[in-house]
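Working notes for the structure below.
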Amino acid sequence: DSGVTQTPKHLITATGQRVTLRCSPRSGDLSVYWYQQSLDQGLQFLIQYYNGEERAKGNILERFSAQQFPDLHSELNLSSLELGDSALYFCASSVGGGQVDTNTEAFFGQGTRLTVV
Amino acid sequence: QKEVEQDPGPLSVPEGAIVSLNCTYSNSAFQYFMWYRQYSRKGPELLMYTYSSGNKEDGRFTAQVDKSSKYISLFIRDSQPSDSATYLCAMTRPGGYQKVTFGTGTKLQVIP
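Chains as they are written, first to last, in my numbering: chain E, 133 to 249; chain U, 660 to 771.
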């Protein structure tokens with residue numbers, strides 16, 4: 133168990149709908165990252181929050197947004213859902229800013245499988 | 660062309676075999692190289708981390724980086740059924756995890 137908790141594990145929703153994915157980072161971790169994983173694209177970085185503030189943005193669509201709350205849990209909001217948004221969404225957390233060059237590991241949750249029908 | 664290419668497999672081997680998993684990349688700025696293991700219905704977990712060229716060994720696992728050929732490998736010796744998983748390579752320039760580029764993963768099945 134990585135210590136990162138994601139809910140729900142599975143979500144099935146219709147096109148055009150809005151959903152919220154939730155992530156609780158490991159105790160003490162200040163950074164939260166959101167990734168999308170699809171079969172053909174692999175893991176794609178969406179957005180990072182550090183101690184409540186947006187730190188970095190990746191390939192995140194305008195229909196998607198995220199926030200990190202004072203208790204450090206994070207939510208990823210996906211709206212106007214399309215069939216192509218069906219994927220696994222992972223949250224990861226790390227101590228501090230998570231610098232790879234200092235070998236600071238990012239720990240991944242089990243993911244939320246989103247199916248848009 | 661993707662920055663990181665990884666054969667999706669699946670790769671099936673008998674228990675006890677030596678497994679070789681590989682990735683090629685095009686960005687010569689990559690300096691940090693990682694291998695993640697992802698079991699079915701789980702998130703990726705870091706297996707090996709290497710900096711620049713060379714070999715790194717951890718138990719039955721050896722990570723190899725050849726920057727001149729832009730080629731990295733993960734070798735698994737004495738493979739076990741518990742090694743059955745998808746293996747993702749990942750690499751980056753110096754910086755945070757937002758800069759990491761992941762391969763699409765190779766699915767490995769070790770048959771008892």
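We put the CB at the ideal spot given by N, CA and C, even for glycine.
All of these numbers come straight from a predicted model, not from anything done at the bench.
{"Item": "Alpha-carbon spacing of U:Pro753 relative to E:Asp233, whole angstroms", "Value": "5 Å"}
{"Item": "Proximity winner among E:Thr247, E:Phe240, E:Asn235, relative to U:Tyr691 (alpha-carbon distances)", "Value": "E:Asn235"}
{"Item": "Neighbour list for U:Tyr746 in chain E, Cβ cutoff strictly below 8 Å", "Value": "Those do not exist, as U:Tyr746 stays about 12 Å from chain E at its closest Cβ, beyond 8 Å."}
{"Item": "Residues of its chain near U:Thr709, where Cβ-Cβ distance is below 6 Å and the 5 sequence neighbours each way are ignored", "Value": "Phe692, Lys715, Ala722, Val724"}
{"Item": "Chain E within 8 Å of U:Pro669, Cβ atoms only", "Value": "no"}
{"Item": "E:Leu162 versus E:Thr147, E:Gly174, E:Glu186, residue with shortest Cα-Cα distance", "Value": "E:Glu186"}
{"Item": "9 Å Cβ cut-off: residues of chain E touching U:Thr765", "Value": "In chain order: nothing, as chain E lies at least about 11 Å away."}
{"Item": "Chain-ordered neighbours of E:Tyr221 on chain U, where CB pairs are closer than 7 Å", "Value": "Those do not exist, as E:Tyr221 stays about 11 Å from chain U at its closest Cβ, beyond 7 Å."}
{"Item": "Same chain only: Cβ atoms within 7 Å of U:Gly706, ignoring 5 sequence neighbours per side", "Value": "Rather than Gly, the amino acid found at residue 706 of chain U in this sequence is Leu. Excluding residues within five positions, the ones whose Cβ falls inside 7 Å are Trp694, Tyr695, Arg696, Phe720."}
{"Item": "Within-8 Å CB hit, U:Lys701 to chain E", "Value": "yes"}
{"Item": "Touching by the beta-carbon criterion (3+ pairs, under 8 Å), the region 152 to 168 of chain E and the region 199 to 215 of chain E", "Value": "yes"}
{"Item": "U:Thr751: contacting residues in chain E (beta-carbon distance under 9 Å)", "Value": "Val232, Asp233"}
{"Item": "Distance between E:Thr145 and E:Leu213 (C-alpha atoms, nearest Å)", "Value": "8 Å"}
{"Item": "Contact under 8 Å by Cβ, E:Gln138 with E:Gly243", "Value": "yes"}
{"Item": "Where the beta strand (DSSP E) containing U:Ser671 begins and where it ends", "Value": "670 to 673"}
{"Item": "Proximal residues of chain U, C-beta to C-beta of E:Glu237 below 7 Å", "Value": "Leu705"}
{"Item": "For E:Asp172, the nearest candidate out of U:Glu664, U:Val678, U:Ile770 (CA to CA)", "Value": "U:Glu664"}
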